[in-house]
Amino acid sequence: MELHNVAKRIETFVNSSLWTLTRKEITDHIRSFRFNILLAIIFLTCIAAIYSALSSIRDVAAGIEDAKDMNLYLQMLTITDSSGSLPSFITFISFLGPLLGISLGFDAINKERNAHTLLRVLSQPVPRDYIILSKFLGSLAVIAAFIFSIGLLIIGAGILSMGIPPSFEEFIRIITYLVMIISYIGFWLGLSILFSIRFKQAATSALAGIAIWLFFSIFYSIIVNLIVNASLPDQLFQSISAEQQQQNYELYTNLMRLSPNFLFSEITTILLTPSYRTLGPVSMEQIVGSIPSPLGLFDSLTIIWPQVIGIISAGIICFAIAYFIFIFQEIRS
Amino acid sequence: MKENIIELKGVSKDYKETRAVNKLDLTISKGEIFGLLGPNGAGKSTTIYMILGLTKPTEGKITVCGLEPMKNQILVKKKVGFLPDDVGFYENMSGLENLVYVGKLNGLSTSNAKERALHLIKQVGLEEAMHKKAGKYSRGMRQRLGLADTLMKEPEVVIMDEPTLGIDPKGINEFLDMIQTLSKEHGITILLSSHQLHQVQKICDRVGIFVRGNLLQEGDIPTLQRALQEENHVKYKVVVDGSLAEFPRKMEEYSNMEMMERDSDSFILTLTKEDDGSLADFITSSGYKLLALEQLTYGLDDIYERYFQGGESIGTA
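Quick note, the sequences are listed as chains D and Y, same order. 110 is the number of the first residue of the first sequence in the numbering used here; add one for each residue after it. 15 is the number of the first residue of the second sequence in the numbering used here; add one for each residue after it.
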């Protein structure tokens, strides 16, 4: 009886227009040159990063005393080779991930509008919100499949080359990390879909997306540094007190946390480096008495929870604005 | 007997400062082919978008199949097919795939959608091109595929915005015949807009002349001609033999005379009322030989010129 119900539900879903729309998005992405080029770029850089990590992991492993702290699979994602010529996997992903999100969404609506296909779809009995929802879900599904396959391939490559299976905790940490990547890319996707609704030209919307991405990945930290330095009292005649230093540091992290890139880097650090016990400044009093051991998975998750919520809600806000504009927009070109 | 399928009551639409449609009243009954005629920018498309529920009217009430389009968008779109002037097909999908996709959006299963699409493609004569990418279709083929596309949902009403735009004359005739056949076969109500009176008058049961947001006249073509005739006075073309220079002065004595123009060797007389035979008598009794006397009727060109080009002078004349 239960099974019958489930089967029926699946059937209604498969015949629903949302699924038809989403499926078309997925097909379009998979067949598009754009997605395949991006896929090749990201795939190659990941292979390069993993290759360099694997070539130096023996040295890293030799330096670790306690077998419990080894976390070889997490190391694989974070270390670079000894010469430092290639960045690590996490650097690549946090750099290229937003680009993937932007490039899959920047022409979602305006392309259809300019080709008049939007009008044709909208004159069918389809709720208007299904159209942007399907754009988002379709792209996100493609991204999720891609990220998961990369992650699992990395684990596979690790098993083959190191001969040690990952511990359960490592595995869960990596999977959680992959989910985090997807929600991070989801934010950029939502942002670029918003631009694709707002701007009639695909080029403008792509540029707007890239501008925001560049702003947060390069300029934002410079600006925050400027603000923090400017808020310091004159250092010529007096050295700053420890208290003031801490205040500055707090100001710095608080401002930086407005940037999704920074939030994601915090998530990455805590998830993949269990020995990091906290984010932000710690006073001597807090350190006294603490045991210098790696954090458990749940403790790590507790620490990054606000960051995760931050990124997801930023994505939802983008999507909500996009939704709002789209519902009330005139479709006529 | 007649059931009203589209009803507009006092519908207006303002865009910022301009009024695109002004207090429009229009009824279209079931199974009818109605032509909305007017020059570019008359507000035809705006009216169509409002009927479809894609644009919100500023004021007034629209009813389509007994429903208000803005409030029941999904239900109305289930019953109303729309063919825009340039149908947006997904260019990387074949003609057949495009139709099947729309069929599925209308809730058909893949196999049903395919069956229906194949049937319709045959009806519009695109069997040979159905596996070709829609991006490779010619303008005329796109419009025909568009017609099949609107029929995928088995509509009660099909609304077409400038369907004949950019098709060659032969293609237009074929296309219009197709529309007429389909309308009669399936009992579909059709509303089409055009600025080509010549083309669409053949298939329209009724037309409405639409200029600057106002519906100036509606009815079948003979009604329009009659309306035009009543508005203007009756005109006669006269060819006489005799002293032509004297003729106008002579004619001023005729009681029903309104105006007179000379057109090389003939005269155009405008009378205040229809001639009852006294005109010929008057001319012969004035010493002229009457060679020809012909009442001038208004053709399509006159209707076109009167309403479309001189749109702004209507009402003051």
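The beta-carbon is built from N, C-alpha and C at its ideal position, and this holds for glycine as well. Here the structure is a predicted model, which means the values were calculated and not measured.
C-beta neighbour in chain D for residue i, strict 7 Å
i, result
"Y:Gly102", "yes"
"Y:Lys27", "no"
"Y:Ile88", "yes"
"Y:Lys91", "yes"
"Y:Thr68", "The sequence shown places Leu at residue 68 of chain Y, rather than the Thr named in the question. Yes, because at least one Cβ of chain D sits closer than 7 Å to the Cβ of Y:Leu68."
"Y:Gly24", "no"
"Y:Ile328", "Per-residue confidence for Y:Ile328 stands at a pLDDT of 40, beneath the threshold of 50, marking its modelled position as unreliable; the derived number appears in the next sentence. With 7 Å as the cut-off, Y:Ile328 does not count as an interface residue toward chain D."
Cross-chain neighbours of residue i in chain Y, by beta carbon under 7 Å
i, result
"D:Leu246", "Correct list: empty, because the minimum Cβ distance to chain Y is about 16 Å."
"D:Pro234", "Ile88, Lys91, Lys92 and Asn120"
Under 9 Å by beta carbon: chain D residues contacting residue i
i, result
"Y:Phe224", "Chain D residues near Y:Phe224: none, gap ~17 Å exceeds 9 Å."
"Y:Pro98", "His225, Leu228, Arg229 and Ser232"
Short CB-CB distance (under 7 Å) between residue i and chain Y
i, result
"D:Thr189", "no"
"D:Glu120", "no"
Per-residue contacts from residue i into chain Y (C-beta, under 8 Å)
i, result
"D:Val169", "Ordered by position in chain Y, no residue passes the 8 Å Cβ test against D:Val169, which lies about 48 Å from the chain."
"D:Glu111", "Chain Y residues near D:Glu111: none, gap ~25 Å exceeds 8 Å."
Where residue i sits in the DSSP three-state scheme
i, result
"Y:Gln231", "strand"
"Y:Ala259", "coil"
"D:Phe201", "helix"
"D:Phe308", "coil"
"Y:Ile19", "strand"
"Y:Asn36", "strand"
"Y:Val254", "strand"
"Y:Tyr29", "strand"
"D:Leu341", "coil"
"Y:Val138", "coil"
"Y:Gln215", "coil"
"Y:Thr41", "strand"
"Y:Gln309", "strand"
"Y:Val248", "strand"
"Y:Met271", "strand"
"D:Val397", "coil"
"Y:Ile223", "strand"
"D:Val235", "coil"
"D:Trp128", "helix"
"D:Ile159", "helix"
"Y:Lys93", "helix"
"D:Val169", "helix"
"Y:Arg153", "helix"
"Y:Asp182", "coil"
"Y:Ile47", "strand"
"Y:Lys146", "coil"
"D:Lys220", "helix"
"D:Arg386", "coil"
"Y:Val101", "coil"
"D:Gly267", "helix"
"Y:Ser207", "strand"
"D:Phe277", "helix"
"D:Ile139", "helix"
"D:Ile379", "helix"
Proximal chain D residues relative to residue i, where beta-carbon distance stays under 7 Å
i, result
"Y:Val116", "Gln233"
Interface partners of residue i on chain D, CB under 8 Å
i, result
"Y:Ser123", "Asn124"
Contact set between the region 195 to 228 of chain D and chain Y, restricted to residues whose Cβ is under 8 Å from the partner: Glu221, Ala224, His225, Thr226, Leu227 and Leu228
Chain-ordered residues of the region 122 to 133 of chain D with a beta carbon less than 8 Å from chain Y: Asn124, Ser126, Thr129, Leu130 and Lys133
Any 3 or more C-beta pairs closer than 8 Å across the region 140 to 154 of chain Y and the region 101 to 108 of chain Y: yes
The region 191 to 198 of chain Y / the region 17 to 27 of chain Y touching (three or more Cβ pairs under 8 Å): no
Validate contact between the region 86 to 98 of chain Y and the region 155 to 166 of chain Y using beta carbons, cut 8 Å, 3 pairs: Taking 8 Å as the limit for Cβ pairs, the verdict is that the region 155 to 166 of chain Y does touch the region 86 to 98 of chain Y.
Stretch pair the region 112 to 122 of chain Y + the region 241 to 252 of chain D: three plus CB contacts closer than 8 Å: Using a C-beta cut-off of 8 Å, the region 112 to 122 of chain Y makes no contact with the region 241 to 252 of chain D, since fewer than three inter-stretch Cβ pairs fall below that distance.
At least three beta-carbon pairs within less than 8 Å, the region 168 to 180 of chain Y to the region 206 to 225 of chain Y: yes
Sufficient close CB pairs (3 or more, under 8 Å) joining the region 278 to 295 of chain Y to the region 221 to 229 of chain Y: no
Inter-stretch contact at 8 Å, needing at least 3 Cβ pairs: the region 181 to 197 of chain D / the region 127 to 137 of chain D: Verdict: no, contact absent.
Stretch-stretch touch, CB-based, cutoff 8 Å, three pairs: the region 211 to 223 of chain D with the region 66 to 86 of chain Y: no
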